[in-house]
Amino acid sequence: MTEKMDRRSFLEAAAATTAVSALGAAEASGAPLPGKLQLGPAEPFTFERLKDTARRRVAEPYHPPLQPDPEITGKIDYEAWGKIRYDTDYALRIGPGRYPVEFFHLGMFFRKSVRMYKVENGDAREILYSPTYFEMPADSIAHQLPKGAGFAGFRIQEPVDGPLDWRKNDWAAFLGASYFRAIGALRQYGLSARGVALDTWVAGRSEEFPDFTNVYIGPETADGLHIHLLLEGPSIVGAFRIIAKRDGAVTMDVDCALHLRGDFIRFGIAPLTSMFWFSEAVKPTAADWRPEVHDSDGLSMWTGSGERLWRPLNNPGRVIASAFSDENPKGFGLMQRDRNFDHYLDGVFYDRRPSVWVEPKGDWGKGAVQLVEIPTDDEIHDNIVAMWVPQAPAVPGSSFEFSYRLHWLADEPYPAPLARCVATRLGNGGQPGKPRPKGVRKFMVEFLGGPLEKLPFGVKPEAALWASRGTFSYIFTEAVPDGVPGHWRAQFDLTVDGPEPVEMRLFLRNGAEVLSENWLYQYHPF
-17 MTEKMDRRSF
-7 LEAAAATTAV
3 SALGAAEASG
13 APLPGKLQLG
23 PAEPFTFERL
33 KDTARRRVAE
43 PYHPPLQPDP
53 EITGKIDYEA
63 WGKIRYDTDY
73 ALRIGPGRYP
83 VEFFHLGMFF
93 RKSVRMYKVE
103 NGDAREILYS
113 PTYFEMPADS
123 IAHQLPKGAG
133 FAGFRIQEPV
143 DGPLDWRKND
153 WAAFLGASYF
163 RAIGALRQYG
173 LSARGVALDT
183 WVAGRSEEFP
193 DFTNVYIGPE
203 TADGLHIHLL
213 LEGPSIVGAF
223 RIIAKRDGAV
233 TMDVDCALHL
243 RGDFIRFGIA
253 PLTSMFWFSE
263 AVKPTAADWR
273 PEVHDSDGLS
283 MWTGSGERLW
293 RPLNNPGRVI
303 ASAFSDENPK
313 GFGLMQRDRN
323 FDHYLDGVFY
333 DRRPSVWVEP
343 KGDWGKGAVQ
353 LVEIPTDDEI
363 HDNIVAMWVP
373 QAPAVPGSSF
383 EFSYRLHWLA
393 DEPYPAPLAR
403 CVATRLGNGG
413 QPGKPRPKGV
423 RKFMVEFLGG
433 PLEKLPFGVK
443 PEAALWASRG
453 TFSYIFTEAV
463 PDGVPGHWRA
473 QFDLTVDGPE
483 PVEMRLFLRN
493 GAEVLSENWL
503 YQYHPF
């Protein structure tokens, strides 16, 4: 599904900090002095110029990114790559310099060279690679890379005036194809965003992974750090502008212009990529010692008509693609709602992983939020993709422009006033103390907050249920006996024949009053 190394290895390596090189050694070797990056000649630069470049290149033959000496980079494995540390004295500082930038070295998992530029005062100057920028063991094979090998990506360090040591902490990273990620309010990395998703798991087609080939960093303003990126693949060319800001959490304002050489069935805009192995809903017996393992537990949607939807994630037995048709959506995102450490028990802190919300700017027209769920038997694979797929055909010669804001948070930026779903649990159907009928599955769906907190004593919410097939029985609601105000659960049994998935919908109401968001679920009969 991706071109990346496994996700846990990336998180460990990308979090590695750098040591300070010796000034005397740099002077003696004739290499750049600390803080003095080697720069190419200045060229005028604006976002409009970058968009013009993208428009021009789409009519030209595709030229893949440079891969300097693949024989050498192929030997820079995870262990060797992890020993190569960027020297923080060479961190890129632009304007106020609040957000220092460091660069990733090439290696086995990141062989393509990305051209990096510093943008200041309307000019762009290429940052020329030098091994002096990195500390690496004397016997590292990376020393054998040719001059001007280039960089694999970059990361943005914590603000120099912030509470954390900027030399040891970063808050955003761009590495591999068009992938990038940021930490949220809880200071943990997790899921990724990317420029576009092209035919992700479309039968009979290969997914295409275009690259950010040119990166222009700067200027830095009160709005954040401006990052411009040229995206190119065999079938697409695009220009991106991202204004990234670290302020409690992370926000990224994204503008993109995309031009197609090829055609796509699933043309994904603002795609998010995450990992879901198992949760409290369904867990294979003794599959793992931890109660839950996931970066995200659900897809949240706010439709153009104002409806609030929650779709818990699945780890299905086969690839499943779901589409939620909409027009001018207000937002969608992959959320990590469960913030209880005891539900994970893992030192990698799944309870702190960020939620990412996509907030469209302007009218996106007709299309669908599409969710692709891919089977996995481990946590090292990203197996969840959520994206907006426009209704307009993605054919050669077509162009698209989209603007949106990415919110990397602990929760949704615009929570609904309704009760939200906080857990989905499955078990054998039937009544306790009686024989359990075959082919019957019991569901427990928990909701919390909103109008449920204000229900008069003695009033029970009603469960409004729907399923694409099967029959419901043993339906009732009750307050969860944990003493938490507004914590209710709906319980019901579903009887269904055959293995095909069942689409389900549930919300709580009190007469005509809607009390909760809509719980959507795709049930895969056992």
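In my numbering, the protein residues as written are -17 to 508. Backbone N, C-alpha and C fix where the C-beta goes; we use that ideal spot for every residue, glycine too. Here the structure is a predicted model, which is why all the values come from computation and not from measurement.
Item to check | Test item: CB-CB of LEU127 and LEU157 under 8 Å | outcome: Counting from 1 along the sequence shown, the entry for residue 127 is found at position 145. Counting from 1 along the sequence shown, the entry for residue 157 is found at position 175. Cβ distance not < 8 Å, so LEU127 and LEU157 don't count as in contact.
Checklist entry - Where does ALA10 fall in DSSP's three states? => result On the sequence shown, residue 10 is found 28 positions in, with the first residue counted as 1. The pLDDT assigned to ALA10 is 37, lower than 50, so where the model puts this residue is not dependable; a value taken from the coordinates is nonetheless given after this. If DSSP states are grouped into helix, strand and coil, ALA10 belongs with the helices.
Next on the checklist: Rounding to the nearest angstrom, what Cα-Cα distance links PRO26 and ALA252 in this structure?
Outcome noted: Locating residue 26 in the sequence shown gives position 44, where the first residue counts as 1. Locating residue 252 in the sequence shown gives position 270, where the first residue counts as 1. Taking the straight line joining both Cα atoms gives about 29 Å.
Checklist entry - What span of residues does the alpha helix (DSSP H) with TYR60 cover, start to end? => result Translated into positions along the sequence shown, residue 60 becomes position 78. Where TYR60 is concerned, the enclosing alpha helix (DSSP H) stretches over 60 to 64.
Next on the checklist: Per DSSP, what are the beta-bridge partners of THR477 in this structure?
Outcome noted: Numbered from 1 along the sequence shown, position 495 holds the residue referred to as residue 477. In the DSSP output, where bridge partners are listed per residue, THR477 has VAL422, THR453.
Checklist entry - Do the region 376 to 389 and the region 299 to 307 touch if we need at least three Cβ pairs shorter than 8 Å? => result no
Checklist entry - Going by beta carbon distance, what residues of the same chain come within less than 7 Å of ASP393, once the five residues before and after it are set aside? => result If you number the sequence shown from 1, residue 393 lands on position 411. If we look at ASP393 and ignore the five residues flanking it on each side, its Cβ neighbours are SER337.
Next on the checklist: Below 8 Å on the Cβ atoms is my contact criterion, and I expect GLU435 with PRO467 to pass it. Report the Cβ-Cβ distance as a whole number of Å.
Outcome noted: The sequence position of residue 435 within the sequence shown is 453, counting from 1. The sequence position of residue 467 within the sequence shown is 485, counting from 1. Indeed they touch by this definition, with Cβ atoms about 5 Å apart.
Checklist entry - Are VAL275 and GLU361 touching if we call contact CB-CB under 8 Å? => result By one-based count along the sequence shown, residue 275 stands at place 293. By one-based count along the sequence shown, residue 361 stands at place 379. Yes, these two residues count as a Cβ contact at 8 Å.
Checklist entry - Where in the region 108 to 192 do unbroken runs of the alpha helix (DSSP H), each at least 4 residues long, occur, reported from the N-terminal end onward? => result No alpha helix (DSSP H) of 4 residues or more sits fully in the region 108 to 192.
Next on the checklist: Runs of 3 residues minimum, wholly inside the region 293 to 377: which ones carry the beta strand (DSSP E) assignment?
Outcome noted: 302 to 309, 313 to 317, 337 to 343, 348 to 355, 366 to 372
Checklist entry - Among PRO43, ALA472, PHE458, MET234, which one has its Cα closest to the Cα of LEU430? => result The count along the sequence shown starts at 1 and reaches residue 430 at position 448. The shortest C-alpha separation from LEU430 is found at ALA472.
Next on the checklist: Using CA atoms only, rank isn't needed, just tell me which of HIS241, ASN410, TYR198 is closest to LEU180.
Outcome noted: Position 198 of the sequence shown holds residue 180. Looking at the Cα atoms, HIS241 is the closest of the given residues.
Checklist entry - In this structure, does DSSP put PRO266 in helix, strand or coil? => result As a working mapping, residue 266 is identified with position 284 in the sequence shown. In this structure, PRO266 counts as coil in the three-state DSSP scheme.
Next on the checklist: Tell me which residue opens and which closes the alpha helix (DSSP H) that ALA36 is part of.
Outcome noted: Here residue 36 is taken as the residue at index 54 of the sequence shown, counted from 1. Its alpha helix (DSSP H) spans residues 29 to 39.
Checklist entry - Quick one: what does DSSP say PRO201 is sitting in, helix, strand or coil? => result The count along the sequence shown starts at 1 and reaches residue 201 at position 219. Correct three-state label for PRO201: strand.
Checklist entry - Where do the N-terminal and C-terminal ends of the alpha helix (DSSP H) with GLU53 fall, by residue? => result Translated into positions along the sequence shown, residue 53 becomes position 71. It spans 52 to 55 - the alpha helix (DSSP H) in which GLU53 sits, taken as one unbroken run.
Next on the checklist: So if DSSP puts HIS45 in a beta bridge, which residue, or which two residues, is it bridged to?
Outcome noted: The residue labelled residue 45 in the question sits at position 63 within the sequence shown. The secondary-structure analysis by DSSP pairs HIS45 with nothing; it has no beta-bridge partner.
Item to check | Best match in THR203, ALA159, PHE222 for proximity to PRO216 [C-alpha to C-alpha] | outcome: Within the sequence shown, numbered from 1, the residue matching residue 216 stands at position 234. Nearest of THR203, ALA159, PHE222 to PRO216, Cα basis: ALA159.
Checklist entry - Applying the criterion that 16 or more other CB atoms from any shown protein chain within 10 Å of the CB defines a buried residue, is VAL441 buried or exposed? => result The residue you call residue 441 lines up with position 459 of the sequence shown. Exposed: under 16 other Cβ atoms inside 10 Å.
Checklist entry - In or out: ASP277 buried (at least 16 other Cβ within 10 Å) or exposed? => result Here residue 277 refers to the residue found at position 295 of the sequence shown. That one is buried.
Checklist entry - Who does PHE382 pair with in a DSSP beta bridge? => result Within the sequence shown, residue 382 is the residue found at index 400, counting from 1. Note: PHE382 sits in a beta bridge opposite LEU240.
Checklist entry - Does the separation of the CB atoms of PHE116 and ARG169 fall below 8 Å? => result For the purposes of this step, residue 116 is taken as the residue at position 134 of the sequence shown. For the purposes of this step, residue 169 is taken as the residue at position 187 of the sequence shown. ARG169 is positioned such that its CB atom lies no closer than 8 Å to that of PHE116.
Item to check | Per-residue burial, ILE199 [other beta carbons within 10 Å of its own, 16 or more giving buried] | outcome: Sequence index remark: in the sequence shown, residue 199 carries index 217 (1-based). Classification for ILE199: buried.
Item to check | Per-residue DSSP class, three states only, for THR285 | outcome: As a working note, residue 285 is residue 303 in the sequence shown. It is coil, neither helix nor strand.
Item to check | Which of helix, strand or coil DSSP assigns to GLU435 | outcome: Here residue 435 refers to the residue found at position 453 when the sequence shown is read from its first residue. Reduced to three states, the DSSP call for GLU435 is helix.
Item to check | First through last residue of the beta strand (DSSP E) which encompasses PHE92 | outcome: Stepping through the sequence shown from its first residue, residue 92 is reached at position 110. That residue, PHE92, is in no beta strand (DSSP E); it is neither H nor E in DSSP.
Checklist entry - What first and last residue would you give for the beta strand (DSSP E) that runs through ASP229? => result Indexing the sequence shown from 1 puts residue 229 at position 247. Taken as a continuous stretch (DSSP letters only), the beta strand (DSSP E) holding ASP229 covers 218 to 229.
Checklist entry - Counting along the chain, where does the beta strand (DSSP E) carrying ALA24 start and finish? => result Locating residue 24 in the sequence shown gives position 42, where the first residue counts as 1. Per DSSP, ALA24 belongs to the beta strand (DSSP E) from 21 to 26.
Checklist entry - Hey, out of ALA449, VAL462, HIS363, PRO78, whose CA is closest to THR203's CA? => result Residue 203 sits at position 221 when you count from the first residue of the sequence shown. Looking at the Cα atoms, PRO78 is the closest of the given residues.
Checklist entry - ASP105 by DSSP, collapsed to three states: which one? => result Against the sequence shown, residue 105 aligns to sequence position 123. ASP105 falls in the strand class under three-state DSSP.
Checklist entry - What residues in its chain sit with their C-beta under 8 Å from that of SER587, if we drop five residues either side in the sequence? => result Since the first and last residues shown for the chain are -17 and 508, residue 587 lies out of range.
Item to check | PRO298: CB within 7 Å of a non-hydrogen atom of the ligand GDP | outcome: This structure lacks the ligand GDP; in fact it carries no ligand of any kind.
Checklist entry - What number of angstroms, rounded off, separates the C-alpha of HIS363 from the C-alpha of ALA401? => result Against the sequence shown, residue 363 aligns to sequence position 381. Against the sequence shown, residue 401 aligns to sequence position 419. Their Cα atoms are separated by approximately 32 Å.
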